[in-house]
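Novice: Just so you know, we're using this note's numbering here: the sequence shown kicks off at 49 and counts up by one.
All C-beta atoms, glycine included, are put in the ideal place defined by N, C-alpha and C.
Model, not experiment: these values are computed from the prediction.
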Amino acid sequence: MATPARSAVLGDGGLAALLACATLAERTRDARKGLLVFAPGTPEDALRLAACRRQAGHYGLDLIAIEPLGHIGWSVSERCVGSLVHAAHAAARAGASELIWPVQPGSSDGASWPDVDQMAAQVDRALLVERLVSLDAPDHGMHDFRIRTPFLDLSDRQMADLATDMGVDPEMCWWWSDDRDDAVTERKRWFEALRSFGWQHLPTTETGARASPAFGNA
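1. Quick check on residue 272: buried or exposed, where buried means 16 or more other Cβ atoms within 10 Å of its Cβ?
2. Tell me the DSSP bridge mates of residue 82?
3. Is DSSP giving residue 145 helix, strand or coil here?
4. Taking its Cβ as the centre, do 16 or more other Cβ atoms sit within 10 Å of residue 203, making it buried, or is it exposed?
5. What are the uninterrupted segments assigned as alpha helix (DSSP H) that are 4 or more residues long and contained completely in the region 213-255, given in chain order?
6. DSSP has residue 195 in a bridge; who is on the other side?
7. Label residue 160 either buried or exposed according to how many other C-beta atoms from any shown protein chain fall within 10 Å of its C-beta, with 16 as the threshold for buried.
8. Tell me which same chain residues have a C-beta within less than 7 Å of the C-beta of residue 133, skipping the five on either side of it?
9. Return the bridge partner residues of residue 110 from the DSSP annotation.
10. Taking residue 174 as the reference, which of 148, 218 and 89 has the closest Cα?
11. For residue 123, count the other beta carbons within 10 Å of its own beta carbon; 16 or more makes it buried, fewer makes it exposed. Which is it?
12. Consult DSSP for residue 207 and reduce its assignment to one of helix, strand or coil.
13. Got a sec, what are the start and stop residues for the alpha helix (DSSP H) residue 152 sits in?
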């Protein structure tokens, strides 16, 4: 009987990637078959990589941190596609037949559906990169390669609901206690969504978030 191929998560240290890791660990009996791929390319790379290490270690996934691409002068869309291609090829080389891309655009108010145009663009990117990497799948002993986007159409509130239901620990996310603007923005975004599902945390201090994860009624 052929050995089942591995599955991989494209990780960025965020909440969506954390949920993808938890989901993969649940359905992967042999932890060695789970893989987390980190593709650098943002100002928070060190924080994100550290978060990916925490998430991979917690869920028993192998971690691959691939070499950064030359993103200087690239647009956001170019960086997105470049990192996706780079990560998909790395996953295929490691024996994975699918890459879970936990992209989740969210919405401006956190509760409404994400922008339809954004979702369509990400679906197109996933399909095109999937087809591109599938062309080389035979070189890795596979018939094809898949890219899945399980959270693409979920709002922030739906993600928070899922996080609460699965009992994941957002303290493993890159934005948990850093003071830079991007981290503060992400922390505010997710704390607001999580509170509506029973999330409780200590007030932030002037030097950053110092919170204790807890779910339940106040």
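Specialist: On the basis of the supplied data:
1. Residue 272 cannot be examined here, being either before or after the span of the chain that is shown, 49 to 266.
2. For residue 82, the pairing in a beta bridge is given by DSSP as 55.
3. Of the three classes helix, strand and coil, the one that applies to residue 145 here is strand, per DSSP.
4. buried
5. 229-243
6. Per DSSP, 147.
7. exposed
8. Excluding sequence neighbours, residue 133 sits near 177 and 180.
9. 83
10. 148
11. exposed
12. In this structure, DSSP gives residue 207 a helical state, which the three-state scheme calls helix.
13. First-last for residue 152: undefined, no H or E at that position.
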